[in-house]
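Q: Okay, so the sequence shown: first residue is 651 according to the numbering used here, each after it adds one. Cβ coordinates follow ideal geometry from the N, Cα and C atoms, glycine included. For clarity, every value in this text was computed on a predicted model and none was experimentally measured.
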Amino acid sequence: MTGHGVPTSRPQGSFSFYISAYRSDLILPASELADAVTIAGPKGPAAMRRVRGAGLESDVLFDGMGYAGKELPPAAEWVRTQLESGATRTLLPGVFLPWDKDDETSVSDVVAAQAALGEDIGSTMLLALDSRWLAKRSDLLMDVLRRASAPAALVLAHRADPLAAGGAVQAVRQLARSIPGLMLLRSDHGSIGALAFGAQHASVGLTTSTRHFTTAEMKARRLPGGSSRVFVRGLLDWFRAGEIAGWTAAGSETRCHLSCCRGADLGRFLDPDLDATWHNMCAIADFADFVLNADPEDRAAEFLAECRRTASLYGLAGFNGPESPKSQLTGWALS
Ligand SMILES: [Zn+2]
Numbered sequence: 651m652t653g654h655g656v657p658t659s660r661p662q663g664s665f666s667f668y669i670s671a672y673r674s675d676l677i678l679p680a681s682e683l684a685d686a687v688t689i690a691g692p693k694g695p696a697a698m699r700r701v702r703g704a705g706l707e708s709d710v711l712f713d714g715m716g717y718a719g720k721e722l723p724p725a726a727e728w729v730r731t732q733l734e735s736g737a738t739r740t741l742l743p744g745v746f747l748p749w750d751k752d753d754e755t756s757v758s759d760v761v762a763a764q765a766a767l768g769e770d771i772g773s774t775m776l777l778a779l780d781s782r783w784l785a786k787r788s789d790l791l792m793d794v795l796r797r798a799s800a801p802a803a804l805v806l807a808h809r810a811d812p813l814a815a816g817g818a819v820q821a822v823r824q825l826a827r828s829i830p831g832l833m834l835l836r837s838d839h840g841s842i843g844a845l846a847f848g849a850q851h852a853s854v855g856l857t858t859s860t861r862h863f864t865t866a867e868m869k870a871r872r873l874p875g876g877s878s879r880v881f882v883r884g885l886l887d888w889f890r891a892g893e894i895a896g897w898t899a900a901g902s903e904t905r906c907h908l909s910c911c912r913g914a915d916l917g918r919f920l921d922p923d924l925d926a927t928w929h930n931m932c933a934i935a936d937f938a939d940f941v942l943n944a945d946p947e948d949r950a951a952e953f954l955a956e957c958r959r960t961a962s963l964y965g966l967a968g969f970n971g972p973e974s975p976k977s978q979l980t981g982w983a984l985s
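In structure tokens:
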């Protein structure tokens, strides 16, 4: 099958976890919670074949990271390798679209060439783009993707949060509504918002380097402190375990009632011997399920209501957690 959709038992839309090929130990657990697994890097197909041997049956996508300069076989061969490794929807090697406010033609030209290639070999374009195209030139991006003759998978590049810039959330929402078969890969929980508005697939990363793409020039932000990053389902955002442990009296929002934690406090991940990965997977999957298990007609409204309800928790009297939501959540809540 070389169709353009990731098969799933749910109507319209699916999600996967985005896992680096060198963390193949996470592929099996990820596949238990999601519709598919996305494996990143040129060694993805080899990693997948090893796990298939161990009994994995999940659907798989391969992000070869050609946009990051990784060496890959020519497009047709790379696509064939993905099919042989069990992918039902293949991706081109991938290109990066750097920001240039004075040059629109190169984006149109590059996307048109990728679309022609994708159409020719029955594969999806893989476009990593500087998130300023999204925040500042969504009209151009929309136009270019609408005209493309092959579907697109987008990877957003930014030094911290591609959806934090003003206008970025609205642009994702518009793209998801308007571009058939759109996928967001290597993303944070914002891509679950894209699913709510009609995107076909969201692949969510679990580490700072797999939740977006950062070029060498972008200088990724390094925050002080080394405690684990934890997704807090009740606050719809990632926080350091050290921060969470400091929110005395933040009440029920720091407890996780999913099967991963059974009511335990998330501040416990301050202990470096405790790994937060399984909790993070379960919490992200719970949020994705919340959206995908809703009727497609109701998803957008339910997602926005959840964002608004969550954003309002931050300011409540007596809540001794973070004072205000981060800009992405505010972007969704106000949209
Ligand atoms: Zn948990």
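Grouping DSSP H, G and I as helix and E and B as strand, with all else coil, what is Gly653?
A: As a working mapping, residue 653 is identified with position 3 in the sequence shown. In this prediction, Gly653 scores a pLDDT of 48, lower than 50, which makes its location untrustworthy; no coordinate-derived value is stated.
Q: Determine, for Gly817, whether the minimum Cβ-Cβ distance to residues of chain B falls below 9 Å.
A: No chain B appears in the structure shown, which is made up of a single protein chain.
Q: Between Gln824 and Ser985, which are expected to be in contact by the criterion C-beta below 8 Å, what is the C-beta distance as a whole number of angstroms?
A: Against the sequence shown, residue 824 aligns to sequence position 174. Against the sequence shown, residue 985 aligns to sequence position 335. Rounded, the Cβ-Cβ distance is 10 Å, inconsistent with contact.
Q: So what does DSSP say about Asp752, is it helix, strand or coil?
A: Taking the sequence shown and counting its residues from 1, one reaches residue 752 at position 102. Here Asp752 sits in coil by DSSP.
Q: For the segment 879-961, list the alpha helix (DSSP H) runs that are entirely contained and at least 4 residues long, ordered along the chain.
A: As far as the segment 879-961 is concerned, its whole alpha helix (DSSP H) runs of at least 4 residues are 891-896, 927-942.
Q: From Ala766 to Cys910, what does the alpha carbon distance come to, in whole angstroms?
A: Residue 766 sits at position 116 when you count from the first residue of the sequence shown. Residue 910 sits at position 260 when you count from the first residue of the sequence shown. For Ala766 and Cys910, the distance between alpha carbons rounds to 45 Å.
Q: Which class does Arg787 belong to by DSSP, given the choice of helix, strand or coil?
A: Numbered from 1 along the sequence shown, position 137 holds the residue referred to as residue 787. Of the three classes helix, strand and coil, the one that applies to Arg787 here is coil, per DSSP.
Q: Does the beta carbon of Ala938 fall short of 8 Å from some heavy atom of ligand 1?
A: One-based indexing of the sequence shown puts residue 938 at position 288. Incorrect: Ala938 has no Cβ contact closer than 8 Å to ligand 1.
Q: Along the chain, where does the alpha helix (DSSP H) containing Ser977 start, and where does it finish?
A: Taking the first residue of the sequence shown as 1, we reach residue 977 at position 327. Run containing Ser977: 977-983, per the alpha helix (DSSP H) assignment.
Q: Which residues mark the beginning and the end of the alpha helix (DSSP H) in which Gly694 is found?
A: In the sequence shown, residue 694 corresponds to position 44, counting from 1. Looking at the DSSP string, the run of the alpha helix (DSSP H) that includes Gly694 is 694-703.
Q: Any idea if Thr860 is buried or exposed, counting beta-carbon neighbours within 10 angstroms, 16 or more meaning buried?
A: Within the sequence shown, residue 860 is the residue found at index 210, counting from 1. Looking at its Cβ environment, which holds 16 or more other Cβ atoms inside 10 Å, Thr860 is buried.
Q: Roughly how many angstroms separate the alpha carbons of Gly714 and Pro692, rounded to a whole number?
A: For the purposes of this step, residue 714 is taken as residue 64 along the sequence shown, with counting starting at 1. For the purposes of this step, residue 692 is taken as residue 42 along the sequence shown, with counting starting at 1. Straight-line Cα distance between these residues: approximately 5 Å.
Q: Rounded to whole angstroms, what is the Cα-Cα separation between Ala895 and Pro922?
A: As a first step, residue 895 must be located in the sequence shown, where it is residue number 245. As a first step, residue 922 must be located in the sequence shown, where it is residue number 272. Cα to Cα, the separation comes out at about 13 Å.
Q: Is the beta carbon of Phe847 sitting closer than 9 Å to the one on Arg739?
A: Walking along the sequence shown from the start, residue 847 turns up at place 197. Walking along the sequence shown from the start, residue 739 turns up at place 89. Not closer than 9 Å, so no.
Q: Taking the alpha carbon of Leu747 as the reference point, which residue from Gly840, Glu754, Ala778, Asp759 has its own alpha carbon closest?
A: Translated into positions along the sequence shown, residue 747 becomes position 97. For the residues Gly840, Glu754, Ala778, Asp759, the minimum Cα distance to Leu747 belongs to Ala778.
Q: Throw me the rounded Cβ distance for the Ala974 and Gly965 pair, which I believe falls under 8 Å.
A: For the purposes of this step, residue 974 is taken as the residue at position 324 of the sequence shown. For the purposes of this step, residue 965 is taken as the residue at position 315 of the sequence shown. Looking at the sequence shown, residue 974 is not Ala but Ser. Indeed, because the Cβ distance is near 7 Å, the residues count as touching under 8 Å.
Q: In chain order, what are the residues with a CB under 6 Å from some non-hydrogen atom of ligand 1?
A: After applying the 6 Å Cβ criterion, the set is Cys906, Leu908, Cys910, Cys911, His929, Cys932, Ala933.
Q: Could you check whether the segment 657-673 touches the segment 934-942, counting it as contact only if at least three pairs of C-beta atoms, one from each stretch, sit closer than 8 Å?
A: They touch, by the three-pair rule.
Q: Mark Val867 as exposed unless 16 or more other C-beta atoms lie within 10 angstroms of its C-beta, in which case mark it buried.
A: Taking the first residue of the sequence shown as position 1, residue 867 is located at position 217. A small fix is needed here, since residue 867 is Glu in this sequence, not Val. Classification of Glu867: exposed, given that the 10 Å Cβ count is below 16.
Q: If Ala933 and Leu908 are in contact, beta carbons under 8 Å, what's the gap, nearest whole angstrom?
A: Within the sequence shown, numbered from 1, the residue matching residue 933 stands at position 283. Within the sequence shown, numbered from 1, the residue matching residue 908 stands at position 258. 6 Å between Cβ atoms; contact.
Q: Take Ser670 and list the residues in its own chain whose beta-carbon comes closer than 7 Å to its own, dropping the five residues that flank it on each side.
A: Along the sequence shown, one-based indexing puts residue 670 at 20. Result list for Ser670: Ala690, Gly691, Thr860, in chain order.
Q: So the alpha helix (DSSP H) Ile842 belongs to, where does it begin and stop?
A: For this step, residue 842 is matched to residue 192 along the sequence shown. Taken as a continuous stretch (DSSP letters only), the alpha helix (DSSP H) holding Ile842 covers 840-846.
Q: Fully enclosed by the segment 815-842, which beta strand (DSSP E) runs are 3 residues long or longer?
A: With a minimum length of 3 residues, the continuous beta strand (DSSP E) runs that stay inside the segment 815-842 are 833-837.
Q: For Asp709, name the three-state secondary structure that DSSP assigns.
A: Indexing the sequence shown from 1 puts residue 709 at position 59. Residue state, collapsed to three classes: strand.
Q: State yes or no: is the C-beta of His929 within less than 9 Å of the C-beta of Leu916?
A: Taking the sequence shown and counting its residues from 1, one reaches residue 929 at position 279. Taking the sequence shown and counting its residues from 1, one reaches residue 916 at position 266. Yes, they are a contact pair.
Q: Which one or two residues does DSSP pair with Leu747 in a beta bridge?
A: Taking the sequence shown and counting its residues from 1, the one referred to as residue 747 is at position 97. DSSP, once it has assigned bridges, lists Leu779 as partnering Leu747.
Q: How long is the line joining the alpha carbons of Ser799 and Gly772, rounded to whole angstroms?
A: One-based indexing of the sequence shown puts residue 799 at position 149. One-based indexing of the sequence shown puts residue 772 at position 122. Distance between the alpha carbons of Ser799 and Gly772 is about 11 Å.
Q: Check for me: the beta strand (DSSP E) holding Thr774 runs from which residue to which?
A: Position 124 of the sequence shown, counted from the first residue, corresponds to residue 774. Per DSSP, Thr774 belongs to no beta strand (DSSP E) and is neither H nor E.
Q: For Leu711 and Val656, which I take to be in contact (beta-carbon distance under 8 Å), what is that distance rounded to the nearest angstrom?
A: As a first step, residue 711 must be located in the sequence shown, where it is residue number 61. As a first step, residue 656 must be located in the sequence shown, where it is residue number 6. Rounded, the Cβ-Cβ distance is 7 Å, consistent with contact.
Q: So what does DSSP say about Ser664, is it helix, strand or coil?
A: The count along the sequence shown starts at 1 and reaches residue 664 at position 14. Three-state result, Ser664: strand.
Q: Please name the residue, chosen from Gly705, Gly768, Ala763, Asp753, that lies closest to Trp728 on a Cα-to-Cα basis.
A: Within the sequence shown, residue 728 is the residue found at index 78, counting from 1. Answer by Cα proximity: Gly768.
Q: How would you call Thr960, buried or exposed, if buried means at least 16 neighbouring beta carbons within 10 angstroms?
A: Here residue 960 is taken as the residue at index 310 of the sequence shown, counted from 1. Under this definition Thr960 is a buried residue.
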